[in-house]
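Note that my numbering has the sequence shown beginning at 5, numbered continuously upward.
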Amino acid sequence: MRITVLAGGIGGARFLRGLKALLASEHSGSSITVIGNTGDDIWVHGLRVCPDLDTVMYTLGGGISDERGWGREGETFTVKDELASYGVEPGWFGLGDKDIATHLVRTQSLAAGYTLTDVTTALCDHWQPGVRLLPMSDDRAETHVIVERPDDGSAPDGTPLRSAIHFQEWWIRYRAALPTHGFTVIGIDTARPGPDVIKAISTADVVLLPPSNPVVSIGTILQVPGIAAAVRATHAPVVGVSPIVGGAPVRGMADACLAAIGVETSAFAVAEHYGARSSGGLIDAWLVDSSDADCVEDVNRLGIDCRAVPAMMTDVDATARLAAECLAAAETWRARP
Ligand code: FO1
């Protein structure tokens with residue numbers, strides 16, 4: 005079975021760890037292709053950092069800091085502290101010493117003319133994540149956030165002025181706690197899907213949207229011209245997992261992202277946001293946590309086959325069971341009359 009997963013950072017990576025465990029135990033001969041979000045990517049001190057790609061690679065390759073969910077286990081920040089002593093910005097970005105090696109390899113390879121896909125393949129040769137990790141695009145497409153910063157001041161009529169800041173600054177420095185008016189992915193209009201991305205979607209047996217951030221992770225991947233159309237057109241069932249449980253994100257700040265685009269923070273609202281493929285949207289089935297069972301009928305009425313299951317990824321076994329529910333939902337959809 006060929007499974008293609010559109011994934012962002014921590015939530016997507018944790019889901020993949022369970023999916024991998026499930027396939028190893030019950031679906032030998034299956035393969036996973038991950039289409040990774042690169043909208044979070046950032047130049048820091050001249051290094052190209054790809055947070056979501058690295059989070060998937062480290063999580064599945066055994067190098068992740070489980071405590072943080074990003075960066076390396078046993079990490080130190082000596083270089084970051086030295087840079088801070090020079091007063092070099094950005095001081096707010098947590099650049100780990102071990103992590104720098106990954107960014108140096110990536111930056112040097114990009115400078116030598118290799119594509120981000122080539123570089124990611126080479127890094128994964130080292131980390132052996134057990135999945136094929138494809139950047140959504142080899143072209144630069146960086147998420148920026150339209151905010152009101154404290155020192156931005158106001159126009160003569162008193163209207164607060166707005167600025168666009170890099171997603172990482174919004175996420176890390178400001179913890180998404182500024183008045184936020186939306187997102188813009190700089191370069192997205194001319195970004196092309198990475199090689200094999202469209203093929204991975206159109207030839208998949210199952211396409212999964214794991215509980216990653218539906219706005220700035222999965223949403224960004226779907227903004228790459230051609231990718232959403234490929235999801236709509238694939239013969240594979242498309243199954244999503246709600247990242248919102250009981251009206252709140254399980255981790256991260258998807259609620260701030262959803263609010264910024266005018267979508268309610270609920271399992272139902274995110275399903276509605278993705279839309280039923282039968283009416284031009286993206287998903288066929290939607291898994292919500294058991295605590296949100298009261299929305300199942302409403303989601304079904306959207307034309308999306310909804311089921312309430314234990315969706316908290318508390319450990320690998322629980323996540324493997326969630327992944328099994330995704331595959332069951334896919335088979336139910338495939339078998340429909
Ligand atoms: N997240 C933080 O909250 N603080 C950090 O200092 C930080 C540094 C960082 C460095 C490398 C990396 O791959 C990820 C890092 N993250 C950090 C996480 C990152 O901001 C988010 O995981 C994604 O961009 C959103 O999914």
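Note that the Cβ used here is the ideal one computed from N, Cα and C, for glycine as well.
Note that this is a predicted model, so its numbers are computed, not measured.
Sequence-distant residues of the same chain with beta carbon closer than 7 Å to phenylalanine 272, five excluded per side: For phenylalanine 272, where only same-chain residues beyond five positions count, the Cβ hits under 7 Å are Cys299, Asp302, Val303.
Beta-carbon contacts of alanine 204 that lie in its chain and below 6 Å, excluding the five residues immediately before and after: Thr8, Thr37
Cβ-Cβ distance between proline 139 and threonine 42 below 8 Å: yes
Burial state of tyrosine 90 (16 or more Cβ within 10 Å): So tyrosine 90 counts as exposed.
Coil, strand or helix - histidine 130 by DSSP: helix
Tryptophan 337, buried or exposed, once every other Cβ within 10 Å from all chains shown has been counted against 16: buried
Short Cβ contact (8 Å threshold) for valine 149 with leucine 99: no
Cβ pair isoleucine 287, leucine 213 closer than 8 Å: Yes, the Cβ-Cβ distance between isoleucine 287 and leucine 213 is below 8 Å.
Distance cut-off 7 Å: threonine 59 Cβ against heavy atoms of ligand 1: Answer for threonine 59: yes, Cβ within range of ligand 1.
Integer Cβ distance of serine 216 from alanine 234, believed to fall under 8 Å: That belief does not hold up - the Cβ atoms of serine 216 and alanine 234 are roughly 18 Å apart, past 8 Å.
Cα-Cα separation, lysine 102 to glycine 284: 45 Å
Straight-line Cα distance separating alanine 11 from threonine 318: 18 Å
Beta-bridge pairing of arginine 76 - partner residues as DSSP gives them: Ile68
In DSSP terms, what isoleucine 104 is bridged to: The secondary-structure analysis by DSSP pairs isoleucine 104 with nothing; it has no beta-bridge partner.
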